[in-house]
Amino acid sequence: MDTTLIICIGNMARGDDGVAHRVARLLIDLPLPAGARVITTTDLDVAMAEDVARADLLLVVDALRRSSPPVTVEPLSPGPAVRPTGHTIDAPSLLALAEALYGRAPAATLVAVAAPEMGHAETLSETAEAASIEAASVIASLLDERHTS
298 MDTTLIICIG
308 NMARGDDGVA
318 HRVARLLIDL
328 PLPAGARVIT
338 TTDLDVAMAE
348 DVARADLLLV
358 VDALRRSSPP
368 VTVEPLSPGP
378 AVRPTGHTID
388 APSLLALAEA
398 LYGRAPAATL
408 VAVAAPEMGH
418 AETLSETAEA
428 ASIEAASVIA
438 SLLDERHTS
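This is how it looks when you write it as structure tokens:
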């Protein structure tokens with residue numbers, strides 16, 4: 298069975314930095330394909346390597362400080378292993394760790410969501426709110442394409 302791991306990253310106490318959590322809530326309300334799992338976190342963690350290695354597709358959803366475009370999609374690939382500070386790690390390093398420890402890294406994509414305001418706040422700007430809706434739609438389309446082709 299195809300498995301998709303969608304990791305939504307961000308700090309909800311930093312305004313738009315938490316936009317990926319909003320995307321996760323939107324995705325949970327959609328009819329996602331069987332085997333799709335959505336998780337939210339503040340940071341990627343080395344402990345996620347096993348879950349990443351078990352997935353056929355990894356989607357990392359994260360805020361990017363900008364107003365436009367609302368959403369971009371970029372492929373991710375295993376990168377040079379960066380020594381994590383504590384447990385946190387970047388996406389290419391997490392893929393490399395999954396490959397090194399478990400012998401495989403899935404196809405992976407970064408879905409970057411516009412997040413212009415990252416001050417201390419627990420609400421999203423209008424820009425980030427609109428971008429979150431578009432991001433959920435983009436992700437649903439990516440999953441649809443994958444499961445219909």
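If you use our numbering, the sequence shown corresponds to residues 298 to 446, in order.
The beta-carbon is built from N, C-alpha and C at its ideal position, and this holds for glycine as well.
Flag this pair as touching only if the region 411-424 and the region 298-318 have three or more C-beta atom pairs under 8 Å; answer yes or no.
Contact between the region 411-424 and the region 298-318 is present, because at least three Cβ pairs lie under 8 Å.
Based on Cα-Cα distance, which residue from D387, T338, A425 and T369 lies nearest to P377?
Here residue 377 corresponds to residue number 80 of the sequence shown, with the count starting at 1. Among D387, T338, A425 and T369, the Cα nearest to that of P377 is on D387.
Would you kindly report the start and end of the unbroken alpha helix (DSSP H) that includes D353?
Working through the sequence shown from its first residue, we reach residue 353 at position 56. Where D353 is concerned, there is no enclosing alpha helix (DSSP H), given that its DSSP letter is neither H nor E.
Given a cut-off of 8 Å, decide if A432 and V408 are closer than it, judged by their beta-carbon atoms.
Locating residue 408 in the sequence shown gives position 111, where the first residue counts as 1. Locating residue 432 in the sequence shown gives position 135, where the first residue counts as 1. Against a cut-off of 8 Å, the Cβ pair of A432 and V408 comes out as a contact.
Please determine if the region 354-374 and the region 410-419 are in contact, where contact requires at least 3 C-beta pairs separated by less than 8 Å.
Yes: the two stretches touch, three or more of their Cβ pairs being nearer than 8 Å.
Looking at the structure shown, is E396 part of a helix, part of a strand, or coil, going by DSSP?
For the purposes of this step, residue 396 is identified with residue 99 of the sequence shown, where counting begins at 1. Of the three classes helix, strand and coil, the one that applies to E396 here is helix, per DSSP.
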